[in-house]
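Participant: One gets my numbering by counting positions in the sequence shown from 1 and adding 581 to each.
The C-beta atom is built at its ideal place from N, Cα and C for all residues, glycine as well.
Just dropping this structure here.
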Amino acid sequence: MKGFRLLLLIALGLAACAPAAPPTPTATPVPAPPSPTPVPPTPAPSPTPAPRVPGVTADTIRLGMICALSGPVSTIGKPLARGMEAYFRWINDQGGIHGRKIQLIIEDDQYNPANTVAAAKKLVEQDEVFAIVRPLGTATTAAILDYTIEKGVPVVGVASGSSLWSRPFKKTVFGIQPTYELEGRLMARYAVEELKAKRIAVFYQNDAFGKEGAESFVAALKARGIEPVAMVPYETAEQDFSAHALRLQQANPDLVFVYAIQVPAASLLKEAQKIGFRPKWLMTYVLADPILLALAGDAAEGVYAGAWLVDPENAPEAAKYREVLAKYFPDEKPGGYSISSYAVAEIIAEALKRAGPDLTREKFIAALESLKDFTTGLTPSFSYSETEHQGIKQIAIVQVQKGRWVPVSGFFGE
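Rendered as structure tokens:
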């Protein structure tokens, strides 16, 4: 077997050494190109769903309002709520805004800051409102400010003239009515230049609301070389104002400036009437409403007050307001509180229209900031901007004549 393998190897070796035969030409096979691997079609990108906007659906915009519907300040809160509700019910009956109806959710805080906080959390976290509109009060709204800013919830048209809403600047907060500081300065000017007052006393609510207006008024008096002859504060829980009237009378002023809410102001007027104390009375715009007249009766005759809206009862510009209020709340008389909320509702509606159908909070804020020299006819013109959210900077003066408020000046500012 070994011999066979050896012979085989020799034979193979000889064959390898022999000259090679010429190759027979043959067709060299060309390899077929590889079949292309089918590329799967690139799927169209899935549309990114738009982030859900709180309070906004295909057919609804939810807004929240917090005010006193019960308790001693309900005389302000109820007409505020009705003015806002009347306008939104009317606009819903016209088809809404960009196909969406306004749903207004109103919470009663009884003018108590602790209740205001609870109401705001309910509106934001449970009801998921788009914005909070026309909240009533300085201390009450101040109590929810940090919370709403943290949550990014717009707060529009606060029913308070505190400078807190505009200073320092807050992107999501919009004031509307003149600040109490501004009103105090303008009222001091009117008292001295128009009413020719020389001995001036001040009656004010002893809290942030009353102090801001009273202190601004006094500072403006001092700039004119006039010191007040008396400063008479009151606490919100007080009900008897006979001692306050007596203190004012003893100071012998020719004018008393009043920074108060309805019931204390009316009570003071009646107590002053009882003791024959008859100075000129000049009051904050907060009191320019028929409610004061109903509470004080003929003791209010001749009283002057500020105003930042047209005459709700008689101005031609307010005809639509009177018509709408009568339609939805026939028992509500036209007045300063309801027309103020109606005007704020008009401003909100204008911003919602400008924001367009793809509504977001950012677009709503930008739309408000686009309002320049704007008025619906119920207020003097005003402007917002990317750095200014104060609102109206003018007032007018009204006076009680024969049982109703009558304008005695046009709008004026600084």
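Does the stretch 832-846 come close enough to the stretch 791-801 that 3 or more CB-CB pairs lie under 8 Å?
Facilitator: Yes, the stretch 791-801 is in contact with the stretch 832-846.
Participant: Could you give the distance in angstroms between the alpha-carbon of T656 and the alpha-carbon of Y692?
Facilitator: Counting from 1 along the sequence shown, the entry for residue 656 is found at position 75. Counting from 1 along the sequence shown, the entry for residue 692 is found at position 111. Taking the straight line from one Cα to the other gives about 11 Å.
Participant: For a test of the three-state rule: what should DSSP assign to G1011, helix, strand or coil?
Facilitator: There is no way to answer for residue 1011, as the model of the chain reaches only from 582 to 995.
Participant: Ordered along the chain, which non-local residues of its own chain (more than five positions away) have a Cβ less than 8 Å from that of W671?
Facilitator: Here residue 671 refers to the residue found at position 90 when the sequence shown is read from its first residue. Closer than 8 Å at the Cβ level, and outside the excluded window around W671, lie V905, K908, Y909.
Participant: To the nearest angstrom, report how far apart L726 and P759 are at their CA atoms.
Facilitator: Position 145 of the sequence shown, counted from the first residue, corresponds to residue 726. Position 178 of the sequence shown, counted from the first residue, corresponds to residue 759. Cα-Cα distance, rounded: 19 Å.
Participant: Smallest Cα separation from K777: which of I757, D879, I807?
Facilitator: As a first step, residue 777 is located in the sequence shown; it is residue number 196 there, counting from the start. Cα-wise, what sits closest to K777 is I807.
Participant: Considering only their Cβ atoms, is the gap separating T753 from F788 smaller than 8 Å?
Facilitator: Translated into positions along the sequence shown, residue 788 becomes position 207. Translated into positions along the sequence shown, residue 753 becomes position 172. One point to set straight first is that residue 788 is Asp, not Phe, in the sequence displayed. No, the Cβ-Cβ distance between D788 and T753 is not below 8 Å.
Participant: Who are the Cβ neighbours of L590 in its own chain at under 8 Å, not counting the five residues just before and after it?
Facilitator: The residue labelled residue 590 in the question sits at position 9 within the sequence shown. Annotation note: pLDDT 31 at L590 (below 50); position unreliable, coordinate value reported separately. So no residue of the chain qualifies.
Participant: How about L873 and A847: are their beta carbons less than 8 Å apart?
Facilitator: The sequence position of residue 873 within the sequence shown is 292, counting from 1. The sequence position of residue 847 within the sequence shown is 266, counting from 1. Yes, the Cβ-Cβ distance between L873 and A847 is below 8 Å.
Participant: Does at least one heavy atom of the ligand FAD sit under 7 Å from the Cβ of K934?
Facilitator: The ligand FAD is not part of this structure, which contains no ligands at all.
Participant: Determine which residues share a DSSP beta bridge with K659 and list them.
Facilitator: Locating residue 659 in the sequence shown gives position 78, counting from the first residue. DSSP output for K659 lists no bridge partner at all.
Participant: According to DSSP, what are the bridge partners of T641?
Facilitator: As a working mapping, residue 641 is identified with position 60 in the sequence shown. BP columns for T641 point to K682.
Participant: With A936 as the anchor, note down where its alpha helix (DSSP H) starts and where it stops.
Facilitator: Looking up residue 936 in the sequence shown gives position 355. Looking at the DSSP string, the run of the alpha helix (DSSP H) that includes A936 is 917-936.
Participant: Which residue marks the beginning of the beta strand (DSSP E) containing P871, and which one marks its end?
Facilitator: Here residue 871 is taken as the residue at index 290 of the sequence shown, counted from 1. That residue, P871, is in no beta strand (DSSP E); its alpha helix (DSSP H) goes 871-877.
Participant: Counting Cβ pairs, one atom from each stretch, are 3 or more of them under 8 Å apart for the stretch 809-824 and the stretch 768-782?
Facilitator: yes
Participant: Can you name, in chain order, every residue of its own chain whose Cβ lies under 6 Å from the Cβ of L940, other than the five neighbours on each side?
Facilitator: Working through the sequence shown from its first residue, we reach residue 940 at position 359. Cβ within range, chain order: V637.
Participant: Going by beta carbon distance, what residues of the same chain come within less than 7 Å of A877, once the five residues before and after it are set aside?
Facilitator: Numbered from 1 along the sequence shown, position 296 holds the residue referred to as residue 877. Result list for A877: A847, L850, K851, in chain order.
Participant: Mapping DSSP to helix, strand and coil, what is P814?
Facilitator: As a first step, residue 814 must be located in the sequence shown, where it is residue number 233. Strand, per DSSP.
Participant: Since A977 sits in a beta bridge, which residues does DSSP pair it with?
Facilitator: Reading the sequence shown from its first residue, position 396 is the one you call residue 977. According to DSSP, which records beta bridges pairwise, A977 is partnered with A888.
Participant: Mind checking which residues open and close the alpha helix (DSSP H) that includes Q831?
Facilitator: Locating residue 831 in the sequence shown gives position 250, where the first residue counts as 1. Start and end: 823-832.
Participant: Drop a sphere of 10 angstroms on the beta-carbon of R663, count the other beta-carbons inside from all chains shown, and report buried for 16 or more, exposed for fewer.
Facilitator: As a working mapping, residue 663 is identified with position 82 in the sequence shown. Buried, by the Cβ-count rule.
Participant: I'd like the span of the alpha helix (DSSP H) that includes V698, first residue to last.
Facilitator: Counting from one through the sequence shown, the residue named residue 698 turns up at place 117. Unbroken alpha helix (DSSP H) run through V698: 694-702.
Participant: Under 8 Å between the Cβ atoms of G756 and Q971?
Facilitator: For the purposes of this step, residue 756 is taken as the residue at position 175 of the sequence shown. For the purposes of this step, residue 971 is taken as the residue at position 390 of the sequence shown. Cβ distance < 8 Å, so G756 and Q971 count as in contact.
Participant: Output the boundary residues of the beta strand (DSSP E) element that contains V839.
Facilitator: As a first step, residue 839 is located in the sequence shown; it is residue number 258 there, counting from the start. Its beta strand (DSSP E) spans residues 836-840.
Participant: Which residues share a DSSP beta bridge with P759?
Facilitator: Sequence index remark: in the sequence shown, residue 759 carries index 178 (1-based). In DSSP, P759 forms no bridge with anything.
Participant: Starting from Q786, trace the beta strand (DSSP E) both ways and give me its first and last residue.
Facilitator: For the purposes of this step, residue 786 is taken as residue 205 along the sequence shown, with counting starting at 1. Counting along the chain, the beta strand (DSSP E) containing Q786 begins and ends at 781-786.
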